[in-house]
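This report concerns only the one structure given below.
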Amino acid sequence: MVHFSVHESPSSNFKCDDSHVVLRMERQEAASIPDSSRAAPAGSFLRVVRLWARLTKLWFAGPERATAVKLCGTTLVLSVALTSLLLHFSYVQSSLQSGLSEKNAGAECGGGRRSGGEDAFYAGVRAFGLVILLAAPLFAATDWVDSLIIVHWRQWLGAELVRAYFADRAFYRLKLLHAREVDNPDERMCDDVRAFTDASVTLLVALVRKLVNLAVFSRLLYGL
(Lines of atoms letter the chains of each structure in order from A and count residues from 1; the text may use other names and numbers.)
(Lines give C-alpha, C1' and ligand atoms only; values in the text may rest on other atoms or scores of the structure.)
Protein backbone atom coordinates (compact mmCIF):
# COMPACT_ATOMS: atom_id res chain seq x y z
CA MET A 1 0.00 0.00 0.00
CA VAL A 2 1.39 3.40 -0.99
CA HIS A 3 1.03 6.28 1.46
CA PHE A 4 0.78 9.72 0.00
CA SER A 5 1.41 12.73 2.13
CA VAL A 6 1.73 16.39 1.39
CA HIS A 7 4.12 18.50 3.47
CA GLU A 8 3.11 22.11 3.31
CA SER A 9 5.68 24.71 4.30
CA PRO A 10 4.61 28.02 5.82
CA SER A 11 6.21 29.96 3.02
CA SER A 12 4.46 28.13 0.23
CA ASN A 13 0.83 27.94 -0.69
CA PHE A 14 0.19 24.38 -1.96
CA LYS A 15 -3.21 23.70 -3.48
CA CYS A 16 -4.27 20.33 -4.81
CA ASP A 17 -7.70 18.88 -5.40
CA ASP A 18 -8.73 15.29 -4.79
CA SER A 19 -8.49 14.17 -8.40
CA HIS A 20 -4.83 15.15 -8.72
CA VAL A 21 -4.00 13.49 -5.41
CA VAL A 22 -5.63 10.23 -6.46
CA LEU A 23 -3.94 10.43 -9.84
CA ARG A 24 -0.48 10.78 -8.31
CA MET A 25 -1.16 8.06 -5.76
CA GLU A 26 -2.27 5.53 -8.36
CA ARG A 27 0.58 6.39 -10.69
CA GLN A 28 3.06 5.82 -7.88
CA GLU A 29 1.36 2.54 -7.04
CA ALA A 30 1.47 1.46 -10.68
CA ALA A 31 5.14 2.35 -10.94
CA SER A 32 5.95 0.35 -7.80
CA ILE A 33 4.47 -2.86 -9.22
CA PRO A 34 7.11 -4.93 -11.06
CA ASP A 35 6.40 -6.05 -14.59
CA SER A 36 6.69 -9.71 -13.63
CA SER A 37 3.77 -9.42 -11.20
CA ARG A 38 1.61 -7.52 -13.67
CA ALA A 39 1.71 -10.26 -16.25
CA ALA A 40 -1.13 -12.70 -15.87
CA PRO A 41 0.22 -16.13 -14.98
CA ALA A 42 -0.47 -18.96 -17.35
CA GLY A 43 -3.29 -20.82 -15.63
CA SER A 44 -3.47 -24.56 -15.51
CA PHE A 45 -6.49 -26.53 -16.61
CA LEU A 46 -7.72 -26.95 -13.03
CA ARG A 47 -7.45 -23.23 -12.42
CA VAL A 48 -9.48 -22.51 -15.54
CA VAL A 49 -12.11 -25.01 -14.43
CA ARG A 50 -12.31 -23.41 -10.98
CA LEU A 51 -12.75 -19.94 -12.48
CA TRP A 52 -15.40 -21.26 -14.86
CA ALA A 53 -17.23 -22.93 -11.96
CA ARG A 54 -17.21 -19.69 -9.97
CA LEU A 55 -18.74 -17.73 -12.84
CA THR A 56 -21.35 -20.42 -13.43
CA LYS A 57 -22.21 -20.59 -9.74
CA LEU A 58 -22.88 -16.84 -9.65
CA TRP A 59 -25.57 -17.21 -12.31
CA PHE A 60 -27.32 -19.97 -10.40
CA ALA A 61 -27.04 -18.11 -7.08
CA GLY A 62 -28.18 -14.71 -8.34
CA PRO A 63 -31.59 -13.26 -9.18
CA GLU A 64 -31.65 -15.26 -12.44
CA ARG A 65 -31.55 -18.52 -10.52
CA ALA A 66 -35.11 -19.57 -11.39
CA THR A 67 -34.57 -18.96 -15.09
CA ALA A 68 -31.23 -20.77 -15.07
CA VAL A 69 -32.66 -23.81 -13.30
CA LYS A 70 -35.68 -23.99 -15.62
CA LEU A 71 -33.61 -23.73 -18.78
CA CYS A 72 -30.99 -26.25 -17.64
CA GLY A 73 -33.70 -28.63 -16.44
CA THR A 74 -35.45 -28.35 -19.80
CA THR A 75 -32.18 -29.09 -21.58
CA LEU A 76 -31.65 -32.18 -19.44
CA VAL A 77 -35.18 -33.44 -20.15
CA LEU A 78 -34.75 -32.85 -23.87
CA SER A 79 -31.40 -34.64 -23.80
CA VAL A 80 -32.99 -37.70 -22.20
CA ALA A 81 -35.85 -37.57 -24.72
CA LEU A 82 -33.40 -37.29 -27.60
CA THR A 83 -31.41 -40.26 -26.34
CA SER A 84 -34.60 -42.29 -25.93
CA LEU A 85 -35.57 -41.44 -29.48
CA LEU A 86 -32.18 -42.57 -30.75
CA LEU A 87 -32.55 -45.80 -28.81
CA HIS A 88 -35.99 -46.38 -30.33
CA PHE A 89 -34.54 -45.59 -33.74
CA SER A 90 -32.00 -48.39 -33.33
CA TYR A 91 -34.86 -50.84 -32.68
CA VAL A 92 -36.81 -49.52 -35.68
CA GLN A 93 -33.77 -49.82 -37.92
CA SER A 94 -33.17 -53.40 -36.80
CA SER A 95 -36.83 -54.29 -37.37
CA LEU A 96 -36.78 -52.65 -40.79
CA GLN A 97 -33.72 -54.61 -41.88
CA SER A 98 -35.19 -57.86 -40.57
CA GLY A 99 -38.47 -57.21 -42.39
CA LEU A 100 -36.60 -56.41 -45.59
CA SER A 101 -34.66 -59.68 -45.38
CA GLU A 102 -37.85 -61.67 -44.78
CA LYS A 103 -39.57 -59.83 -47.62
CA ASN A 104 -36.78 -60.73 -50.02
CA ALA A 105 -36.85 -64.33 -48.83
CA GLY A 106 -40.63 -64.50 -49.39
CA ALA A 107 -40.29 -63.00 -52.86
CA GLU A 108 -37.75 -65.66 -53.81
CA CYS A 109 -40.12 -68.40 -52.65
CA GLY A 110 -42.86 -67.00 -54.90
CA GLY A 111 -46.57 -66.88 -54.28
CA GLY A 112 -49.09 -64.13 -54.76
CA ARG A 113 -50.05 -63.73 -51.11
CA ARG A 114 -48.45 -61.10 -48.92
CA SER A 115 -45.85 -62.66 -46.63
CA GLY A 116 -45.26 -61.91 -42.95
CA GLY A 117 -41.87 -60.47 -43.80
CA GLU A 118 -43.51 -57.97 -46.13
CA ASP A 119 -45.92 -56.90 -43.38
CA ALA A 120 -42.99 -56.44 -40.98
CA PHE A 121 -41.16 -54.39 -43.60
CA TYR A 122 -44.02 -51.95 -44.15
CA ALA A 123 -44.55 -51.71 -40.39
CA GLY A 124 -40.88 -50.79 -40.06
CA VAL A 125 -41.25 -48.14 -42.77
CA ARG A 126 -44.19 -46.57 -40.91
CA ALA A 127 -42.24 -46.63 -37.64
CA PHE A 128 -39.24 -45.08 -39.40
CA GLY A 129 -41.39 -42.25 -40.74
CA LEU A 130 -42.83 -41.66 -37.26
CA VAL A 131 -39.33 -41.38 -35.81
CA ILE A 132 -38.44 -38.77 -38.43
CA LEU A 133 -41.58 -36.77 -37.63
CA LEU A 134 -40.69 -36.78 -33.93
CA ALA A 135 -36.99 -36.14 -34.42
CA ALA A 136 -37.36 -32.93 -36.45
CA PRO A 137 -39.19 -30.87 -33.78
CA LEU A 138 -37.16 -32.45 -30.99
CA PHE A 139 -33.85 -31.42 -32.53
CA ALA A 140 -35.24 -27.94 -33.19
CA ALA A 141 -36.42 -27.65 -29.58
CA THR A 142 -33.02 -28.66 -28.18
CA ASP A 143 -31.23 -26.09 -30.33
CA TRP A 144 -33.75 -23.41 -29.33
CA VAL A 145 -33.37 -24.09 -25.60
CA ASP A 146 -29.58 -24.12 -25.91
CA SER A 147 -29.73 -20.73 -27.61
CA LEU A 148 -32.00 -19.42 -24.84
CA ILE A 149 -29.46 -20.48 -22.22
CA ILE A 150 -26.69 -18.67 -24.09
CA VAL A 151 -28.75 -15.49 -24.49
CA HIS A 152 -29.94 -15.33 -20.87
CA TRP A 153 -26.52 -16.15 -19.43
CA ARG A 154 -24.80 -13.64 -21.72
CA GLN A 155 -27.32 -10.93 -20.84
CA TRP A 156 -26.90 -11.48 -17.10
CA LEU A 157 -23.10 -11.74 -17.19
CA GLY A 158 -22.76 -8.69 -19.42
CA ALA A 159 -24.97 -6.61 -17.11
CA GLU A 160 -22.98 -7.70 -14.06
CA LEU A 161 -19.67 -6.83 -15.69
CA VAL A 162 -20.90 -3.41 -16.79
CA ARG A 163 -22.21 -2.73 -13.29
CA ALA A 164 -18.88 -3.73 -11.76
CA TYR A 165 -16.99 -1.76 -14.41
CA PHE A 166 -18.64 1.51 -13.42
CA ALA A 167 -18.74 0.84 -9.68
CA ASP A 168 -16.11 2.43 -7.42
CA ARG A 169 -14.25 3.88 -10.43
CA ALA A 170 -13.06 0.45 -11.55
CA PHE A 171 -12.88 1.66 -15.16
CA TYR A 172 -10.41 4.33 -14.04
CA ARG A 173 -8.16 1.84 -12.27
CA LEU A 174 -8.21 -0.55 -15.22
CA LYS A 175 -7.26 2.27 -17.56
CA LEU A 176 -4.46 3.59 -15.37
CA LEU A 177 -3.00 0.58 -13.58
CA HIS A 178 -3.74 -2.35 -15.86
CA ALA A 179 -3.64 -0.83 -19.33
CA ARG A 180 -1.02 -3.35 -20.47
CA GLU A 181 -2.94 -6.37 -19.21
CA VAL A 182 -6.51 -5.42 -20.12
CA ASP A 183 -6.85 -3.53 -23.37
CA ASN A 184 -10.28 -2.34 -24.50
CA PRO A 185 -12.26 -3.69 -21.52
CA ASP A 186 -15.56 -2.53 -23.02
CA GLU A 187 -14.89 -4.57 -26.15
CA ARG A 188 -13.91 -7.57 -24.05
CA MET A 189 -17.14 -7.36 -22.09
CA CYS A 190 -19.00 -7.63 -25.38
CA ASP A 191 -16.99 -10.11 -27.44
CA ASP A 192 -15.43 -12.25 -24.71
CA VAL A 193 -18.71 -12.70 -22.85
CA ARG A 194 -20.37 -13.86 -26.06
CA ALA A 195 -17.56 -16.33 -26.80
CA PHE A 196 -17.45 -17.53 -23.18
CA THR A 197 -21.17 -18.25 -22.88
CA ASP A 198 -21.42 -19.79 -26.34
CA ALA A 199 -18.46 -22.13 -25.84
CA SER A 200 -19.45 -23.02 -22.27
CA VAL A 201 -23.03 -23.97 -23.12
CA THR A 202 -22.02 -25.84 -26.27
CA LEU A 203 -19.35 -27.91 -24.55
CA LEU A 204 -21.35 -28.58 -21.39
CA VAL A 205 -24.52 -29.61 -23.22
CA ALA A 206 -22.52 -31.87 -25.54
CA LEU A 207 -20.82 -33.48 -22.54
CA VAL A 208 -24.13 -34.10 -20.75
CA ARG A 209 -25.73 -35.61 -23.84
CA LYS A 210 -22.76 -37.88 -24.49
CA LEU A 211 -22.88 -39.11 -20.90
CA VAL A 212 -26.62 -39.81 -21.20
CA ASN A 213 -26.03 -41.66 -24.47
CA LEU A 214 -23.23 -43.66 -22.89
CA ALA A 215 -25.39 -44.67 -19.93
CA VAL A 216 -28.42 -45.66 -22.02
CA PHE A 217 -26.60 -47.58 -24.74
CA SER A 218 -24.29 -49.25 -22.23
CA ARG A 219 -27.35 -50.64 -20.51
CA LEU A 220 -28.66 -51.80 -23.88
CA LEU A 221 -25.42 -53.60 -24.71
CA TYR A 222 -25.27 -55.12 -21.24
CA GLY A 223 -28.74 -56.61 -21.73
CA LEU A 224 -27.87 -58.33 -25.02
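First residue of the sequence shown: 36, per the numbering used here; consecutive thereafter. For every residue, glycine included, the Cβ atom is placed at its ideal position computed from N, Cα and C. Since the structure is predicted, the reported quantities are computational estimates derived from the model, not experimental observations.
What's the gap between the Cα of A194 and the Cα of V115?
V115 has its alpha-carbon roughly 33 angstroms from the corresponding atom of A194.
Sequence-distant residues of its chain with Cβ nearer than 8 angstroms to S44 (five each side left out):
Only weak support is given to the placement of S44: the predicted model assigns it a pLDDT of 41, under 50, and the question is left unresolved by the model.
L242: CB within 7 angstroms of a non-hydrogen atom of the ligand ATP
Of the ligands one can find in the structure shown there are none, so the ligand ATP has no counterpart to examine.
So A155 packs on G134, CB below 8 angstroms; how close in whole Å?
Sure, about 3 angstroms apart at Cβ, within 8 angstroms.
Between N248 and the rest of its own chain, which residues show a CB-CB distance below 6 angstroms, the 5 nearest in sequence each way excluded?
So the qualifying residues of the chain are T118.
Hey, could you find the ends of the alpha helix (DSSP H) N248 is sitting in?
For N248, the enclosing alpha helix (DSSP H) covers residues P220 to G258.
Expressed to the nearest angstrom, what Euclidean distance is found between the alpha-carbon atoms of L255 and V104?
Those two C-alpha atoms are separated by around 30 angstroms.
Under 8 angstroms, do G159 and L131 count as touching if we go by C-beta distance?
Yes; because the gap between Cβ atoms is below 8 angstroms, this pair is in contact.
CB contact flag (L192, T232, <8 angstroms):
Closer than 8 angstroms, so yes.
If V240 sits next to D181, beta carbons under 8 angstroms apart, how far is it from one beta carbon to the other, in whole angstroms?
Yes, V240 and D181 are in contact; Cβ-Cβ is about 6 angstroms, under 8 angstroms.
I want to know whether the stretch 218 to 228 touches the stretch 88 to 98 - three or more CB-CB distances under 8 angstroms.
Verdict: no, contact absent.
When you compare each of S125, A230, A250 and A175 to Q190 by their alpha carbons, which one comes out closest?
Taking only the C-alpha atoms, the option nearest Q190 is A230.
Delimiting residues of the alpha helix (DSSP H) encompassing A88
A88 -> alpha helix (DSSP H) spans F80 to A96.
Cα-Cα separation between Y126 and V251, rounded to whole angstroms
Their Cα atoms are separated by approximately 13 angstroms.
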